[in-house]
Amino acid sequence: MPEATIEAEELSVVFGAGASQHQALKDVSLQIWKGKSVGLVGESGSGKSTLAKVLIGAVPITSGQVTVGGQTYGAGTGRRRRTPKQLQLIPQDPYSSLNPRRTAGQALAEALDPLWSRVSRHRKTIAEWLDRVELPQGSIDKYPYEFSGGQRQRIAIARALCIRPEAVIADEITSALDLSVQVEVLKLLAELREELDLTMLFISHDLSVVRHVSDNVAVLRSGELVEHGEVEQVFTAPQAEYTRQLLDSVPGGPGFAIRT
Amino acid sequence: MTTVAVADVQTGSHSPARERRLNPMLAIGLGLAMALVLVAIISPMVLGETARELTGDMRQGASSEHWLGTDEFGRDLFARALVATRLTLILTTAATAIAVVLGVVTGILVWMMPERIRNFVLTANAVAVAFPGLVLALVVAAILGPGAFSATIAVGIAGIPAFTRLAANMAAPIMVREYVGTAKQLGVPRPIILARHVLPNLGEPLLILAANSYAVMLTELSGLSFIGLGVQNPEYDFGRLLADALPNVYTQPVHVLGPSIMIVLTGVAAMFIGDGLAARSNPRLRRAVKGRRTGTLLQANESAAAKSAAENDDALLVRNLCVTSAAGQQLVKGVSLRVKKGEIVGLVGESGSGKSLTAMSAAGLVPEGVTASADELRAAGHDMLRHPKSGDLARDVALVYQDPMSSFNPALKLNSQLTEVSRVHLGATRRQARLELAEKFAQLNISAPERRGEQHPYELSGGMLQRAMISSALVTEAKLIVADEPTTALDVTVQAEVLRQFVGAAERLGAGVLFISHDLGVVEALCDRVVVMRHGEVIEELTCDQLTAEEVQHPYTQKLLDAAKFTDVSEETEANNA
Amino acid sequence: MPAVLARPWPAFLLRKVFEFVLALLALVVLTFIMVHLVPGDPARVIAGMDASAEQVEATRGRLGLDRPVLVQFWDYFVGVLTLDLGNSWRRPTTEVADVIVARLPFTASIALIGIAITVLVSLALGLLVAGLTRGNRNQWLDSGFGWITASALALPVYVIGAILIVVFAVNWGLLPAGGANQLTSYILPTTAIAIGPICSMSRMVRREAAVVLEQDYMRTARGWRISTARQYSKHAVPNLLSSTLTLSGLILAAMIGGAIIVETVFSWPGLGRTVVESIIERDFGLTRGIILTIGALAITANVIIDILLALVDPRTLRAGKALT
Amino acid sequence: MTQASKRGRRLGAALCIGALALAGCTTEDGSIEADGTTEGNGDGPHTDTIRGAWITDPVGFLPMTTTATDDYRAARLLYDTVLRRDIDGELIGGIADDYQLEESGLTLTIGEGHTCADGTEITPTVVADSLTYFADETESAVQRDGVFGPGEATITADDDASTVVIELSEPHSDLPAGLAIPQSGIVCPAGLEDPESTAAGQVEAAFSGPYVLSEANDGVSYVFELREGYDSWPDYSEELEGVPAQYLEFYVGIDDTVANQLLTDELDVAPVTDQELDRFEDEEGYDQTTVTTGEFYILFNHGEQSPFQDEEMRRALAQIVDRETLAEIVDPNGELIATLGDENMQCANTDFSLLEDYDAEAASEALDGVQVNVIGTNAIGQNGAGAIYVQEQLLAAGAEVELQNLDVGTWVTDIYEEPEWWDVTVFATVNNIGTISWGLGTVIGVPHTEGGRNTSVSNNPAATEALDAALAAGSEEEMCEYYQIAQEEALAAVDFIPISMDTRTFVIRDGFTIYGPGGNEDLTSLRILD
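Rendered as structure tokens:
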């Protein structure tokens, strides 16, 4: 049995209290084995972003526990900080994920050197990484507004990966991009994962996107895990009715029919 | 005026390398400010003696000897007005600095506190803001006694709550920015996050605010002089001079003139600098447009128009549409399009390909900042180049926009928005219009249709909103529907259902549809015909069957098609797996 | 927490009530301390310059100023709690509450008329200018508006008041120069008190409107081909109300404070002028009562504005918290 | 004194608005606002109402306990006094037909036919009761000692003989003058029964004067109505032109708008500030009447911490003050004085040669490098110009000067209670009694720190002795002789520097008039001309 880098056990999260109480996650159990990638699929409000936030420690756990990089966090300790090396998050919006006043180099330097953020000391590593994510020469001293959305997302990827974390969560990182750009970003991510032997949780609302970067797929609906299995198995023989609906809603897919 | 800058923060994303050209306001403001600084430096050296000298010519009016007359000690008021500049600038700058620095520090530090304490501090601060500033200044001055020093401190301290609130409010949206979250994740300590990420992004709006509040501080300082608390003789600033001269306003109005003009000039300089900086930080407001009006639709070629003046049954006919930016850049280069009745035509291209501009211009809604021209442009049978009746257009041409959340007015209920056309143009009563709308809501599978109209947009999901938008086309029985990426902002899961309703509605109406998308997969499933655009030009036109059969000519179209099917990614992944 | 408090409105109102009470308590303490910080011996000033030392002491005794400070505070505090503001120090036979009841309407009327004028004029003016200068058209209007509003803002209110009096009362004889006896007496003071706020608020409206007019929903409204007037009044104005209301809260507070100066310039028999007189006369019984009233009014006005804000934009019910 | 309290003391200046002065405390130029009353009411002579202006709300309407200018004004309208000042300043009869000054006091002969507002006859007993109430009210009747002297007063009435006899345990030659001031107004029995309600203006039967209070709108206006059948007007040596107004309306406010309102016909008569008087100079249809309220002079602190305990320093300061200039600054209408009183006052010194001449050079030697704290109030001279002048002159002479221009309240308090904080100020007395001793008593005699009135805490035994002797004098001749000695001694030691009279100028629209009997303000002399 391979070791699970990320594990959630009977995880529940409840927001608010009284009448406005809302259960965001309900008894979710999920393992991500070392070096593997899990695609987490669900529509808006299904709880997938909440799961990501729980894993990185931004949202407290109501019950159950998660294990990240060998450490276990429970109801009381859910918000304790994970070390950057254990887990990194690539955020969704390429426009708000980079500080407009800091260069690409400074963004990466912050990851390598959180306290002082010295570009000069890490210039070589940074340049290598920017090159690695296929950004043009000289990107290191450019500001975010000088990049396109796809390029910004590459910077965000480089920032998350340059410290070589054990695991990474990619939260809807392509949903704001044009389709052809999405494809390029996904391709890059797939390559990097392979190369770095990354453990990854890839979150998306689009099953077709997930298919190409994941080993396993988990489907969330209203906070509950409705399906969990290997990619091909889920795609070819979905167990849950909901998964089938999801598959049919993929544009260009076989079940995608609009005109009757 | 202080709250204004909040809006600036949201709109003015900073770009350091942006051009440094001065706009007129900023130029005037800086010019005035420099002149005042020069006066402040030079006049005490040159006129200092004249300004202090007691002469026998007491309480005089304007004369060639004393341009602004003399005060009750025979001191020359013109000289005094100029010499006072130095002290005024120093005091006002100091007061502004106190308010800005302490206010901003507090406003940012609250973000280091636990939520409970932060809320308490902000509540207390809200109370302080609500308290009349003059009274607050009086209390402070009470403790320190009258004089330049205490007046400055008093006005400065009285200004702190407002800046605390502003800084806290401005920092709030930045605190939830993803780069702040990422920095936390990377283990950057909170104080460093505040210093590295929050403060610099507040810099520009705060500068604007500080410039504007400089003028406020100026009047407040002079207000303190008016109530006897300001600068004491032998020192004097504008406020002191003004307060001293005010009792003579009816007998020697010229005495009031000097300090008034100086105060106004100083205030104007500060505010213009503030306005100028604000204008510069907002690129949309920065571009100066000269010459012709933008946002208009022009006839490009009279003879060409005459040639095809004959009636035409198409839902949309566009010939040789060009769109030019105010800077003269060609954004759409001679596009021609045709959408027949009952036909759905897809317009495909990437961001920046000009597809949205084409669609909006075709609907007669040329955006501000660009100009469109065409040889011929007919929408739903109306000649768009000849200013058709707006009521007819509103009825016959319906639009569905990309982001339902931002296309709906957040402040108004759905009814109030979606019944505009029937009430304004079709003469329906409020009640009729609502009933009709509810009926169409039901047709589009919107749950609880009677209740929806009374809700605000934020209470509905994106898919629901987009269907509501489509329903307005049903109400007016539109002949042409222009849909600009109506599902890109939606989840894929919702997308299919919305598209289904959309197509159903169009078919029921028999309307022509111009459907814009970047996803060939969607277009393929939806459209009769596909037009592919790139760099403002049409590069390929295909029927749906050709597309399904992948009979594409242009490599770019092929690339789009591949992307829609994720071909290259999957191939590689499969190769790797193998 | 009871379920009812989890609902947005009760929770919101509860929070507002809490803020209100907190502010009032702070105000009571502040007014008491303030009065003690004002230099000049009230007993000496009230007894008069010709009074002998014994007479000054007698006055001190009458005012209760010879008791320990904490006892004085407790008396004041209990008095305020029981809504008994006591008597004027200088005029022992006059109740503070009576003075406030007599003069409050004058201050309230100019402040309320002033704020109403300010909001209406600023919305109209700001939107108009924003609309006419869209896309950097009509640059002359842009700079003209800038010059005029900036100049008027930089001018202290007492200068504006004096100018109004010289022009309209003294030179043209159209309006009364002061006092509050006729309906026309209201025109000059309310104008004087509103000019500055109109300038600052119309500048804000204009800037906000420039942003609002570029929003997607304005494009949507344009797509309905309704008249520009309707686009502005129905679709733009509601989105300007939040910031306008927020600012009018600040302005109202400033106006109530500014009444001190305006009422002096126009001999307006309101609370502002009276508080200044009472301070000069060291009639701190009156001073405390009036500042308490002014402060309570300012705080009440802000609570009302917060509630209005929540009505205009119900999202602030939850999110707003202290960040109003 | 601690640093903290020093700082605290200064607040008041913060709180003082412009030229607004503490009512009645010093010498503000009267005041106020008013507003247009009902339309057409004030147009010319065809009216029975005169519209005037007051500074503020009166403290109360019980004459002996009043403290401020507007109180005196109301008291004068509501209560008659036993004696009055004639137009030229002589004492004449009021309720009393005549008086007889004696060494131990005086005897009044009460006239017939004087009545209270409720018709009660004013008998010697009524007069004696009222005066006794005044003399016994030592806690709150500020002018009690000014009128009756520091000793005890025994007042007896003899209704049959129509006389009231006042016996003083310590002689006090100011008594007759004191009986003519508004505070000595006779309160009718109904008023003495309920002093509190009377103070609130609610007991109409208390009034003995020509007017009753018919309306009191707090902060807005006070209306007085002429008593029906009132016929006790003083027997002035010249007849007053015009008829008394049926109604007197006084609007309460601040002096900023008075001139405007006179010019826009919203007011008929009001005191106008000096700098605004110019506006009426070329204006047709307005007349002016100037009354005096007191004296301006430079007050030294003779205390230990002050450089001015030294006579030479005081002399030096006198040498750098050009009194004409300073008078022009503090009150352009006030005449220069050589004592603390107007030259027409009984026993006033008129010899200007007793004063120091201007000699800046001589003064510089003494003053160079001396540390001087000037304290001033923004009510004396425009924006405190009086103190600023002294400061500038001292600076020019090489002294190191610190100036504090404070609001009246703080200034008064500091002068009395913080002697270590000030060295010199430009002072103004309100000469309530209208005698030389009243003004002089603030610069010589028993220091205020020892229960006296001497604000300067000077030590001049010769002058003090002469002043006491003058107050105890049995005849006018004797009295003037001692007064002259007192004035000469004080001026020789430069105990103070007299400057000018403090005046108040009423501007009156055509169709109305006001007199200033003996140079004093007296609103009962307001008349409508036909």
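Chains as they are written, first to last, in numbering that gives the first Met the number 0: chain A, 0 to 259; chain B, 0 to 577; chain C, 0 to 323; chain D, 0 to 529. Every residue, glycine too, gets a C-beta built ideally from N, C-alpha and C.
- chain A partners of B/S350, CB-CB under 7 Å? Looking up residue 350 of chain B in the second sequence gives position 351. Ordered by position in chain A, the residues that pass the 7 Å Cβ test against B/S350 are D177.
- Who are the Cβ neighbours of C/Y231 in its own chain at under 7 Å, not counting the five residues just before and after it? Position 232 of the third sequence holds residue 231 of chain C. Same-chain partners within the cutoff: L126 and G130.
- Message: Using the three-state DSSP reduction, which class does D/V459 fall into: helix, strand or coil?
- Response: Locating residue 459 of chain D in the fourth sequence gives position 460, counting from the first residue. It should be noted that the sequence gives Asn, not Val, for residue 459 of chain D. Residue state, collapsed to three classes: coil.
- Item | Cβ neighbours of B/R58 in the same chain (closer than 6 Å, five flanking residues each side left out) | As a position in the second sequence, residue 58 of chain B is number 59, starting the count at 1. Within the same chain, B/R58 has close Cβ partners E71.
- Counting only runs that start and end within the segment 69 to 152 of chain D, where is the alpha helix (DSSP H) found for 4 or more residues in a row? 123 to 135 and 143 to 147
- chain D contact for B/Y235 (CB, 7 Å cutoff): Within the second sequence, residue 235 of chain B is the residue found at index 236, counting from 1. No, B/Y235 does not count as interfacial toward chain D.
- Task: Indicate whether C/P196 and C/T106 have their beta-carbon atoms separated by less than 7 Å.
- Result: Your numbering for residue 196 of chain C matches position 197 in the third sequence. Your numbering for residue 106 of chain C matches position 107 in the third sequence. Result no, Cβ atoms of C/P196 and C/T106 do not sit closer than 7 Å.
- By the criterion of Cβ-Cβ separation under 8 Å, what are the contact partners of D/R530 in chain B? As displayed, chain D neither begins before 0 nor continues past 529, which places residue 530 of chain D out of reach and without an answer.
- Within 10 angstroms of the Cβ of B/T547, are there 16 or more other Cβ atoms? Answer buried if so, exposed if not. Within the second sequence, the letter at position 548 stands for residue 547 of chain B. B/T547 is exposed by the Cβ-count criterion.
- Item | Limits of the unbroken alpha helix (DSSP H) element including B/R430 | Walking along the second sequence from the start, residue 430 of chain B turns up at place 431. Run containing B/R430: R429 to Q442, per the alpha helix (DSSP H) assignment.
- Could you say if the segment 529 to 548 of chain B and the segment 334 to 347 of chain B meet the contact criterion of at least three C-beta pairs nearer than 8 Å? yes
- Per-residue DSSP class, three states only, for D/W420: Taking the fourth sequence and counting its residues from 1, the one referred to as residue 420 of chain D is at position 421. It is helical.
- Message: Taking the beta carbon of B/Y457 as the centre, do at least 16 other beta carbons fall within 10 Å, making it buried, or is it exposed?
- Response: Indexing the second sequence from 1 puts residue 457 of chain B at position 458. Exposed.
- Message: Going by C-alpha to C-alpha distance, which of C/V100, C/L140, C/V55 and C/V70 sits closest to D/D217?
- Response: Within the fourth sequence, the letter at position 218 stands for residue 217 of chain D. Among C/V100, C/L140, C/V55 and C/V70, the Cα nearest to that of D/D217 is on C/V100.
- Query: Around the C-beta of B/G290, are 16 or more other C-beta atoms found within 10 angstroms, so that it is buried, or is it exposed?
  - Reply: The residue given as residue 290 of chain B occupies position 291 in the second sequence. Any reading at B/G290 must be qualified, since the residue scores a pLDDT of 44, below 50, and its modelled position is unreliable; the value itself is stated next. Exposed.
- Thinking just about the alpha-carbon of each residue, which of D/G518, D/E487 and D/T512 is nearest to the one in D/M500? Translated into the one-based positions of the fourth sequence, residue 500 of chain D becomes position 501. That would be D/G518, whose Cα lies nearest to the Cα of D/M500.
- Express the C-alpha separation of B/A93 and B/A147 in angstroms, rounding to a whole number. For the purposes of this step, residue 147 of chain B is taken as residue 148 along the second sequence, with counting starting at 1. For the purposes of this step, residue 93 of chain B is taken as residue 94 along the second sequence, with counting starting at 1. In a straight line, the C-alpha of B/A147 is about 11 Å away from that of B/A93.
- Among D/T137, D/L107, D/N259 and D/D422, which residue has its Cα nearest to the Cα of D/M312? Start at 1 with the first residue of the fourth sequence, and residue 312 of chain D comes out as number 313. Checking every option, the nearest Cα to that of D/M312 belongs to D/D422.
- Which residues, in order along the segment 166 to 193 of chain C, keep a beta-carbon less than 8 Å from a beta-carbon of chain B? V169
- Rounded C-alpha distance that separates B/P23 from B/S460: Locating residue 23 of chain B in the second sequence gives position 24, where the first residue counts as 1. Locating residue 460 of chain B in the second sequence gives position 461, where the first residue counts as 1. Near 45 Å, if we compare the C-alpha coordinates of B/S460 and B/P23.
- Determine the closest residue to C/C198 out of C/Q181, C/V169 and C/T243, with distance taken between C-alpha atoms. To locate residue 198 of chain C, count along the third sequence from 1; it is residue 199. Among C/Q181, C/V169 and C/T243, the Cα nearest to that of C/C198 is on C/T243.
- Spell out whether any CB of chain C is found under 7 Å from the CB atom of D/L77. For the purposes of this step, residue 77 of chain D is taken as the residue at position 78 of the fourth sequence. So, not an interface residue.
- Message: Here's a check: name, in chain order, each residue in its chain whose Cβ is nearer than 8 Å to the Cβ of D/A119, leaving out the five neighbours to either side.
- Response: Sequence index remark: in the fourth sequence, residue 119 of chain D carries index 120 (1-based). In the sequence as displayed, the identity of residue 119 of chain D is Thr instead of Ala. Hits under 8 Å: V125, C187, P188, A189 and A204.
- Task: Note down, one range per segment and in chain order, each alpha helix (DSSP H) of at least 4 residues found wholly within the segment 313 to 362 of chain D.
- Result: 322 to 329
- Task: Using a Cβ-Cβ cut-off of 7 Å, state whether D/Q274 counts as contacting chain B.
- Result: Here residue 274 of chain D refers to the residue found at position 275 when the fourth sequence is read from its first residue. Closer than 7 Å to some Cβ of chain B, the Cβ of D/Q274 qualifies, so yes.
- Task: Please say whether D/G375 and C/G39 have beta carbons closer to each other than 7 Å?
- Result: Taking the first residue of the third sequence as position 1, residue 39 of chain C is located at position 40. Taking the first residue of the fourth sequence as position 1, residue 375 of chain D is located at position 376. Cβ distance not < 7 Å, so C/G39 and D/G375 don't count as in contact.
- Message: Does chain C have any CB closer than 7 Å to the CB of D/L533?
- Response: Nothing can be reported for residue 533 of chain D: it is not among the residues displayed for chain D, which extend from 0 to 529.
- For B/I262, go through chain C and note every residue whose CB falls closer than 9 Å to its CB, in chain order. Counting from 1 along the second sequence, the entry for residue 262 of chain B is found at position 263. Here the neighbours are A153, L154, P155 and V158.
- Using the beta-carbon of each residue, which ones in chain C are nearer than 8 Å to D/A468? Along the fourth sequence, one-based indexing puts residue 468 of chain D at 469. Simply none; closest approach about 22 Å.
- Task: Identify the contact partners of C/V98 in chain D, using a Cβ-Cβ distance below 9 Å as the criterion.
- Result: As a working mapping, residue 98 of chain C is identified with position 99 in the third sequence. Here the neighbours are D56, D217 and G218.
- Message: Closest to D/C479 by C-alpha separation, out of D/N348, D/R503 and D/F495, would be which residue?
- Response: Counting from one through the fourth sequence, the residue named residue 479 of chain D turns up at place 480. The residue with the shortest Cα to Cα distance from D/C479 is D/N348.
- Item | Check whether D/P429 and C/A50 have beta carbons under 7 Å apart | Numbered from 1 along the fourth sequence, position 430 holds the residue referred to as residue 429 of chain D. Numbered from 1 along the third sequence, position 51 holds the residue referred to as residue 50 of chain C. It should be pointed out that residue 429 of chain D corresponds to Val in this sequence rather than to Pro. It is not a contact, given that the beta carbons lie outside the stated cut-off.
- Item | Integer Cβ distance of A/L88 from A/I55, believed to fall under 8 Å | The residue labelled residue 88 of chain A in the question sits at position 89 within the first sequence. The residue labelled residue 55 of chain A in the question sits at position 56 within the first sequence. Sure, about 5 Å apart at Cβ, within 8 Å.
- By how many angstroms is the C-alpha of B/T84 removed from the C-alpha of D/V371? Position 372 of the fourth sequence, counted from the first residue, corresponds to residue 371 of chain D. Position 85 of the second sequence, counted from the first residue, corresponds to residue 84 of chain B. Spanning the two alpha carbons is a distance of roughly 29 Å.
- Assuming D/T256 and C/S266 form a contact by the criterion Cβ under 8 Å, report the distance between their Cβ atoms to the nearest whole angstrom. If you number the fourth sequence from 1, residue 256 of chain D lands on position 257. If you number the third sequence from 1, residue 266 of chain C lands on position 267. Correct: roughly 4 Å between the Cβ atoms.
- Message: Assuming the contact rule is C-beta atoms closer than 8 Å, A/L188 and A/V208 should be a hit. Round their C-beta distance to whole Å, please.
- Response: Against the first sequence, residue 188 of chain A aligns to sequence position 189. Against the first sequence, residue 208 of chain A aligns to sequence position 209. Actually they are not in contact, since the Cβ atoms of A/L188 and A/V208 sit about 10 Å apart, beyond 8 Å.
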